[in-house]
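Below: one structure, written as structure tokens.
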Amino acid sequence: MLISDTLQNWDQMLINLFCPDVSSLLRIECGQPRNSRIVGGQDATPGKWPWQVSIVRNGRHYCGASIINEQWILSAAHCFYNSSPDDAYVALLGAHQLHKLSTDVVFVMMKKIILHPDFNGKPPSLGDIALIQLEKPVDFTNSIMPICLPTSSENFSTETDCWVTGWGTIKYEVPLPLPLTLQEVKVPLINQNICSGIYNSFPVFGKDAIKDDMICAGYPNSGKDSCQGDSGGPLTCQLQGRWTQAGIVSWGVGCASTTFPGVYTSVPYYSDWIKYVMEENTTKLIHGRKTNY
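Everything in the sequence shown is counted per the UniProt record's numbering, starting at 1 for the first residue and increasing by one.
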């Protein structure tokens with residue numbers, strides 16, 4: 001009995017030592033930069049958004065993503081749906097200017113891309129969210145840090161000022177000019193019922209375009225929004241002094257439409273799914289053997 005108890009305690013010690021629980025990983029130094037698709041935005045300061053990731057496909061920036069811990073990044077499912085086996089994806093972390101990479105950047109191969117099972121291939125769809133497990137853990141630096149994730153009960157109030165970041169086009173089909181500097185734009189959250197009413201008033205979207213797992217943000221008639229190439233990137237808001245990810249760039253009508261707000265996948269809605277997937281795919285050491293926990 002004593003030996004059994006000792007082994008059990010040893011197992012727990014190994015688990016805590018080699019792989020702390022996912023919720024603790026999400027709390028590690030998140031949402032606090034060490035250096036304290038965008039339309040109508042401005043150049044970001046280097047290191048201001050250290051969780052921003054460029055998803056590179058076949059050598060070119062394709063989508064955005066966000067760092068949520070040392071080995072996982074968060075993006076949109078539509079960035080990877082129906083990918084060809086020949087598509088070569090890599091995550092670029094720590095970048096500020098894509099055409100003039102600094103020595104701080106890190107390229108990391110992707111070990112696993114997990115799409116939410118509810119995603120049907122094209123927004124507006126439920127489940128436009130993807131988790132990407134990196135081939136190896138990354139070290140955090142001034143340029144590479146995780147964003148905080150909200151709990152499932154987190155409420156981001158309407159009119160909260162949030163920020164969208166990315167390297168997407170600056171107008172519809174107008175590419176970001178060289179040296180491809182990370183863009184940022186402030187957008188307020190919009191009441192979901194108001195957003196739903198706007199989209200539902202146009203028959204082309206049907207009566208349920210804005211689903212429970214979506215949030216909307218943007219300024220009417222402002223010329224400020226996310227655009228092509230920003231998909232999968234983070235919509236972040238400050239909560240209690242920490243930057244927290246409220247949404248994932250998902251879909252909309254054009255860029256900076258005077259009528260339609262931008263639509264984002266709600267991160268609080270999928271908080272439990274994110275935690276579950278990471279726990280299911282986290283390797284822990286038990287009796288000297290690796291096992292998925």
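For every residue, glycine included, the Cβ atom is placed at its ideal position computed from N, Cα and C.
Annotation: the continuous alpha helix (DSSP H) that includes residue 197 extends over 192-200.
Look at residue 61 here: in three-state DSSP terms it is strand.
Sorting 195, 242, 272 and 252 by C-alpha distance to the C-alpha of residue 31 places 242 at the top. In terms of Cα proximity to residue 167, the closest of 268, 253, 234 and 244 is 234.
DSSP places residue 249 inside the beta strand (DSSP E), whose first and last residues are 242-251.
For residue 72, the enclosing beta strand (DSSP E) begins and ends at 72-75. In the structure shown, the three-state DSSP call for residue 84 is coil.
Taking a cut-off of 8 angstroms on C-beta distances, the stretch 122-139 touches the stretch 70-83, as three or more cross pairs fall below it.
C-alpha of residue 238 to C-alpha of residue 54: approximately 22 angstroms in a straight line. The distance from the Cβ of residue 265 to that of residue 252 is about 12 angstroms, inconsistent with a contact at the 8 angstroms cut-off.
Runs of beta strand (DSSP E) with 3 or more residues, each lying fully within the stretch 87-172, are found at 89-93, 106-115, 130-134 and 161-166, listed in chain order.
Counting C-beta pairs with one atom in each stretch, the stretch 175-194 and the stretch 90-106 have three or more that are closer than 8 angstroms, which means they touch. Within the same chain, 189, 192, 246, 247, 264 and 266 come within 7 angstroms of residue 215 by CB-CB distance, once the 5 residues on both sides are set aside.
For the set 118, 145, 110 and 64, the Cα lying nearest the Cα of residue 104 is the one of 145. Looking at 249, 240, 61 and 244, the one whose alpha-carbon comes closest to that of residue 148 is 244. The C-alpha of residue 118 is placed about 16 angstroms away from the C-alpha of residue 268. Our two residues, residue 197 and residue 161, have alpha carbons roughly 21 angstroms apart in a direct line. Inclusion of residue 187 and residue 218 in the CB contact set at 8 angstroms is warranted, their separation being smaller than that value.
Residue 201 sits exposed, since fewer than 16 C-beta atoms from the chains shown fall within 10 Å of its C-beta. Residues of the same chain with a CB within less than 6 angstroms of the CB of residue 62, apart from the 5 flanking positions on each side, are 55 in chain order.
Beyond the five residues adjoining it in sequence on each side, residue 274 comes within less than 6 angstroms, by CB distance, of no other residue in the same chain. Looking at the DSSP output, residue 271 sits in no beta bridge, so it has no partner there. Bounds of the beta strand (DSSP E) holding residue 266 are 262-266. Taken atom to atom, the span from the alpha-carbon of residue 136 to that of residue 81 is near 23 angstroms. Boundaries cannot be given for residue 181, as no beta strand (DSSP E) includes it and DSSP labels it neither H nor E.
Residue 236: member of the beta strand (DSSP E) spanning 234-239, first to last residue.
For the 8 angstroms CB-CB criterion, residue 49 and residue 165 form a contact. C-alpha of residue 206 to C-alpha of residue 195: approximately 14 angstroms in a straight line. Membership of residue 210 in any beta strand (DSSP E) is not indicated, and neither H nor E is assigned to it by DSSP. Take the alpha-carbon of residue 157 and the one of residue 150: they are about 13 angstroms apart. Close CB contacts of residue 152 within its chain, under the 6 angstroms cut and outside five residues either way in sequence, are with 268, 271 and 272 (chain order).
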